[in-house]
Amino acid sequence: MATVTIDWRPDKSADTPIYQQITNFFQHQIATGNWPVGTKLPPQRQLASLFTVNRSTVITALDELMAVGLITSVRGSGMVVSGNHWSSLLAEHINWSQYVKAGQFKPNSRALQKINQFETDAVIRLSTGEPAPEQFPRPLFQRSLSQLGERLTSLNYTEPAGILALRQQIARHLQKVGIQTTAANILITSGSLQALQLVSMALFPANATIYTEAPTYVKSLNVFQSAKTHLAGVPMDSQGMAYWQMTPPTRDEHAIIYTIPTFNNPTGIVMSAERRQQLLQYAQEHRLPILEDAAYQDVWFDQQPPQPLKARDSAGNVIYFGSISKSLAPGLRIGWTVAAKPVIDRLTDVRMQTDYGASSLSQLVLATILADPEYETYQAHFRQVLRQKASAAQAILQRYWGDFATWQAPTGGFYLWVHLSDKINITKLFDLATAHNVLFNPGSIYDFQPNHYIRLSFSYETSDRFERGIQLLTELIHANFDV
Numbered sequence: 008m009a010t011v012t013i014d015w016r017p018d019k020s021a022d023t024p025i026y027q028q029i030t031n032f033f034q035h036q037i038a039t040g041n042w043p044v045g046t047k048l049p050p051q052r053q054l055a056s057l058f059t060v061n062r063s064t065v066i067t068a069l070d071e072l073m074a075v076g077l078i079t080s081v082r083g084s085g086m087v088v089s090g091n092h093w094s095s096l097l098a099e100h101i102n103w104s105q106y107v108k109a110g111q112f113k114p115n116s117r118a119l120q121k122i123n124q125f126e127t128d129a130v131i132r133l134s135t136g137e138p139a140p141e142q143f144p145r146p147l148f149q150r151s152l153s154q155l156g157e158r159l160t161s162l163n164y165t166e167p168a169g170i171l172a173l174r175q176q177i178a179r180h181l182q183k184v185g186i187q188t189t190a191a192n193i194l195i196t197s198g199s200l201q202a203l204q205l206v207s208m209a210l211f212p213a214n215a216t217i218y219t220e221a222p223t224y225v226k227s228l229n230v231f232q233s234a235k236t237h238l239a240g241v242p243m244d245s246q247g248m249a250y251w252q253m254t255p256p257t258r259d260e261h262a263i264i265y266t267i268p269t270f271n272n273p274t275g276i277v278m279s280a281e282r283r284q285q286l287l288q289y290a291q292e293h294r295l296p297i298l299e300d301a302a303y304q305d306v307w308f309d310q311q312p313p314q315p316l317k318a319r320d321s322a323g324n325v326i327y328f329g330s331i332s333k334s335l336a337p338g339l340r341i342g343w344t345v346a347a348k349p350v351i352d353r354l355t356d357v358r359m360q361t362d363y364g365a366s367s368l369s370q371l372v373l374a375t376i377l378a379d380p381e382y383e384t385y386q387a388h389f390r391q392v393l394r395q396k397a398s399a400a401q402a403i404l405q406r407y408w409g410d411f412a413t414w415q416a417p418t419g420g421f422y423l424w425v426h427l428s429d430k431i432n433i434t435k436l437f438d439l440a441t442a443h444n445v446l447f448n449p450g451s452i453y454d455f456q457p458n459h460y461i462r463l464s465f466s467y468e469t470s471d472r473f474e475r476g477i478q479l480l481t482e483l484i485h486a487n488f489d490v
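Numbering of the sequence shown is given in our numbering, commencing with residue 8 and proceeding in unit increments.
What follows is the structure in structure tokens.
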């Protein structure tokens, strides 16, 4: 793959912005065929030095070119030419970058974009919060599909709130954790992430404050921020959210509490039963709705966690989000929201304006699986395997990182929340690791301030591949940091 030689320099005295001059030059070289498809561009720092400009100016120009498809990022090769003469002509008439940047939805952080881009089978994925492929319960799905095949007559749109049979099965399933509800109070969504987006669009007024644990999963998303709301981090202790450290909203302010009380992502902390009751009382006193994210409700090892907040919610203040993504199959894209009927009706109306419901086939499959007596057997085995993988992961960390890292033993969930020595630059380690095909999640993407944590997933990879990933990270740490 040839790398171009550039003799041109931008004219800093011209009225045209420098980044636009760079964009125009690159576009011309591609359009005239001087830089054919596949040509490798110099690295950003080299371009910045060559043009004697800030790196941010180069990045702005490259973003413009990527937006119209003239260049692309190739793992291991950097930026290469991907467009041709026709896309270049289009770029001369439509500046797609202006449209890309004008959207209301905020982009992911650089780290998350990189994680999403590189989560492939060629990479050791210590970042992936999914069940391992080998834990997929084929017999359950085969029986379900066989039964459906005999009686399936159509795959039309479902009822607005979701297929009744599935909502009835979910209501029955939730009784096991103490939530007494009916199908009328359940909305089926395309995963719990869609539920968060629906709530942010339908229920949050502009400039509302969202109180949430610090750190928390939702900090790594821009769903709430894109809805023009403000996240306010609330510290945690070993029992969960330290709610008394909130600043109560005034009468004219709108505020909501978002919490992951069961196996908080990323820390794994489980809110105690006593703290749950205290938080409910505090929220009721201050008229604060609660969004309870229970994605990991069923993913416990030895002891079932305390009942959800929703099970103790006598006033109807809690909106409960559940999902099958962590305990069965994320590819089904099925989640559910449990709330008061007016809330369900409002969310259903908004969802019908954006799509006509989650996959009807996925809903039918899940309804059949939840009704299968063997589902509970599968769940018990799933938890046993996960417990073993968590134990093996901790033994591996102790062997390799015992001198410069600490963590708390998880009682459920998918993750180890690992504190590394201050001598380790986590941003640099992340970049080094991705260059060596190892992915982990930097802790700062979940927090409201920089920290020295990383989140390691033990759920997805085998224990052997987990150890190989830790070996590679250990080599990088010792080669680049004084530990």
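For glycine and all other residues, C-beta sits at the position ideal for the given N, C-alpha and C.
The region 241-257 in contact with the region 139-150 per 3-pair CB rule at 8 Å
no
How do the region 371-381 and the region 353-362 stand: do at least 3 beta-carbon pairs fall below 8 Å, yes or no?
no
What alpha helix (DSSP H) runs, 4 residues minimum, are completely inside the region 108-182?
117-125, 145-158 and 171-182
Taking C-beta to C-beta, are glycine 185 and alanine 318 nearer than 8 Å?
yes
Helix, strand or coil at asparagine 462 according to DSSP, with G and I counted as helix
It should be noted that the sequence gives arginine, not asparagine, for residue 462. In this structure, arginine 462 counts as strand in the three-state DSSP scheme.
Classify alanine 129: buried if its beta carbon has 16 or more other beta carbons within 10 angstroms, exposed otherwise.
Burial is judged here by how many other beta carbons sit within 10 angstroms of a residue's own beta carbon; alanine 129 has fewer than 16 and is exposed.
Taking the alpha carbon of phenylalanine 58 as the reference point, which residue from Pro43, His35, Asp18 and Asp22 has its own alpha carbon closest?
Of the candidates Pro43, His35, Asp18 and Asp22, Asp18 places its Cα closest to the Cα of phenylalanine 58.
At a cut of 8 Å, does the region 404-419 reach the region 433-440 through at least three beta carbon pairs?
no
State the DSSP-derived secondary structure class of glutamate 220, mapped to helix, strand or coil.
strand
Continuous alpha helix (DSSP H) assignments of at least 4 residues falling wholly in the region 15-69
25-38 and 51-58
Pairs of beta-carbons, one from the region 357-369 and one from the region 152-172, closer than 8 Å: are there three or more?
These segments touch.
Looking at the secondary structure, which residues open and close the beta strand (DSSP E) in which aspartate 300 lies?
In the DSSP annotation of this structure, the continuous segment of the beta strand (DSSP E) that includes aspartate 300 starts and ends at 297-300.
Taking the continuous alpha helix (DSSP H) assigned at glycine 476, which residues delimit it?
470-487
Which one or two residues does DSSP pair with glutamine 240 in a beta bridge?
Per the sequence presented here, residue 240 reads as glycine, with glutamine not at that position. DSSP lists Thr219 as partners of glycine 240.
Best match in Ala190, Gln232, Ile193 and Ala221 for proximity to methionine 533 [C-alpha to C-alpha]
The structure shown does not extend to residue 533, since the chain spans only 8 to 490, so no value can be given for it.
Best match in Ala486, Gln456, Asn324 and Asn444 for proximity to arginine 475 [C-alpha to C-alpha]
Asn444
Where does phenylalanine 270 fall in DSSP's three states?
coil
Length of the line joining the Cα atoms of glutamine 187 and arginine 174
13 Å
Please determine, among Ala290, Val44, Ser161 and Arg117, the residue with the shortest C-alpha to C-alpha distance to serine 321.
Selected option, being the one with the closest Cα: Ala290.
For lysine 430, which option in His459, Asn448 and Thr413 has the closest C-alpha, if you only look at C-alpha atoms?
His459
Which term fits lysine 333, buried or exposed, when burial requires 16 or more other beta carbons within 10 angstroms of its beta carbon?
buried
Got a sec, what are the start and stop residues for the alpha helix (DSSP H) isoleucine 376 sits in?
Looking at the DSSP string, the run of the alpha helix (DSSP H) that includes isoleucine 376 is 367-378.
Compare the C-alpha of tyrosine 26 against each of Gly450, Asn229, Leu147 and Asp70 and name the closest.
Asp70
Can isoleucine 263 and leucine 298 be called in contact, C-beta distance under 8 Å?
yes
Option in Ala399, Ala378 and Leu368 with minimal Cα separation from threonine 160:
When only C-alpha atoms are compared, the closest one is Leu368.
Residue interval of the beta strand (DSSP E) (run including phenylalanine 328):
Unbroken beta strand (DSSP E) run through phenylalanine 328: 325-330.
Is tryptophan 307 buried or exposed, if buried means 16 or more other CB atoms sit within 10 Å of its CB?
buried
When DSSP labels each residue in this structure, what does threonine 254 get in the three-state scheme?
coil
Nearest to glutamine 284 by CA position, among Leu463, Glu220, Pro313 and Asp309, is which residue?
Pro313
Buried or exposed, going by whether 16 or more other CB atoms sit within 10 Å of the CB of tryptophan 408?
buried
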